[in-house]
C-alpha cells in the first residue's frame, strides 16, 4: 500500500526530487511514504553487496505505486537511475504501478519518458497505465504539463487511488 518516489538526479535535494514528490502526492492523494534520492547512495550503487541499496530495492519491489523521476540528460534518463534499475530483477515489479517522470529544459525531449524510461519499467514487470510525464524543469512548481497530464489521466489516477485505498483497508 506504499507510495515510493525514486529520484535519479546527481544533485541532492534537486528540483527533480521536489517535482517527483509533488507528482506522487497528486497521483496518490497523499504524500509519498518513502523518498529515495539515489545520489545519497554514492558509490554504494556500484557495490552489489550494499545492504542499503538492497533495502531500497526491496522498498520499491514492495510498493504499490512508484514515481521514477530523473532529469533529462542527453535526451534520456540519468546513469544514476540506470544503476539503480539494474539492481531490480526482470519481472520483479509485477505488483507495482510505475509513473515515469522526466524533467528537462524544453519540450524537444517530451517523449523521453515514453521512449526510454517506460520500456525499462515494463521489462522489470511494472504496470505504467498513464502516459509518461515530461515537465519543464524551470516551471515545475506551476507546471502546465503536470496540470494537463493530471486532467487527462484523472480516470486512471482514480483507479490507482482506489487500489491504494483497498490495499490500506486490507
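In the numbering used here, the protein residues as written are 1 to 170. Idealized CB from N, CA, C, for every residue including glycine.
{"query": "Exposure label - residue 75; buried when at least 16 CB within 10 Å", "result": "exposed"}
{"query": "Distance CB(residue 4)-CB(residue 66) smaller than 8 Å", "result": "yes"}
{"query": "Continuous alpha helix (DSSP H) stretch holding residue 37: start and end", "result": "Counting along the chain, residue 37 falls outside any alpha helix (DSSP H), though it belongs to the beta strand (DSSP E) covering 34-37."}
{"query": "Simplified DSSP state of residue 150, which is helix, strand or coil", "result": "helix"}
{"query": "Beta-carbon gap between residue 15 and residue 103 smaller than 8 Å", "result": "yes"}
{"query": "Whole runs of the beta strand (DSSP E) within the stretch 34-92, excluding any shorter than 3 residues", "result": "34-37, 65-71"}
{"query": "Environment of residue 48 [buried if 16+ CB atoms lie within 10 Å]", "result": "exposed"}
{"query": "Close beta carbons around residue 87, own chain, < 7 Å, minus the five adjacent residues each side", "result": "53, 57"}
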